[in-house]
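Converting from the first sequence to the numbering used here requires adding 21 to each position, the first position being numbered 1.
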Amino acid sequence: MISRLSDKSKDFFEQVYAVVKEIPPGRVTSYGAIANYLGSKQSSRMVGWAMNACHNQPEIPAHRVVNRNGLLTGKMHFVTPQTMEILLEKEGISVISDQIVDFNVHFWDPEKELKI
DNA sequence: GTCTTGACGTTTA
DNA sequence: CTAAACGCCAAGA
Numbered sequence: 022m023i024s025r026l027s028d029k030s031k032d033f034f035e036q037v038y039a040v041v042k043e044i045p046p047g048r049v050t051s052y053g054a055i056a057n058y059l060g061s062k063q064s065s066r067m068v069g070w071a072m073n074a075c076h077n078q079p080e081i082p083a084h085r086v087v088n089r090n091g092l093l094t095g096k097m098h099f100v101t102p103q104t105m106e107i108l109l110e111k112e113g114i115s116v117i118s119d120q121i122v123d124f125n126v127h128f129w130d131p132e133k134e135l136k137i
């Protein structure tokens, strides 16, 4: 095989997508949780950047990924700013003022629940 | 090649 | 309590 050193960075994105896809319906997680699960808790920005590139992947439930405050910061990046909020409520999650209600209850920690 | 921005999070003032 | 700065890494201009 030909060395694929250039694709090394892509691996990080794949890991983020893999975790996001494993998020069960009705649950949500934060960028920091994913970053922490990947071992780069301080690089939470990269998770968000990976989400920005989620268009490379077929289906990524990015609406289940929010910031630490449970605020829908990335809603504006969807097809429509309301898509994220609608999808969340559709799964049984209440969203008020772009903020998830009982975020701690719906929170899904990959390191704790996925534990892969 | 350098500078700015960015779907974050934590710490300090 | 709120507001602002820093840190982290990557991509775009």
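Note that CB positions come from ideal geometry on N, CA and C, so glycine has one too.
Check your understanding: Can you give the Cα-Cα distance for Met105 and Leu93, rounded to whole angstroms?
Key -> Reading the first sequence from its first residue, position 84 is the one you call residue 105. Reading the first sequence from its first residue, position 72 is the one you call residue 93. Roughly 8 Å between the two C-alpha positions.
**Study point:** Inter-residue Cα distance where the pair is Asn73 and Leu108
**Key:** If you number the first sequence from 1, residue 73 lands on position 52. If you number the first sequence from 1, residue 108 lands on position 87. One C-alpha to the other measures close to 18 Å.
Review point. Do Val68 and Ile55 have their CB atoms nearer than 7 Å?
Key: In the first sequence, residue 68 corresponds to position 47, counting from 1. In the first sequence, residue 55 corresponds to position 34, counting from 1. Closer than 7 Å, so yes.
Check your understanding: Which two residues bound the contiguous alpha helix (DSSP H) that contains Ala54?
Key -> Taking the first sequence and counting its residues from 1, the one referred to as residue 54 is at position 33. First-last of the alpha helix (DSSP H) with Ala54: Tyr52 to Leu59.
Review point. Counting Cβ pairs closer than 8 Å, one from the region 117-126 and one from the region 35-47, do we hit at least three?
Key: no
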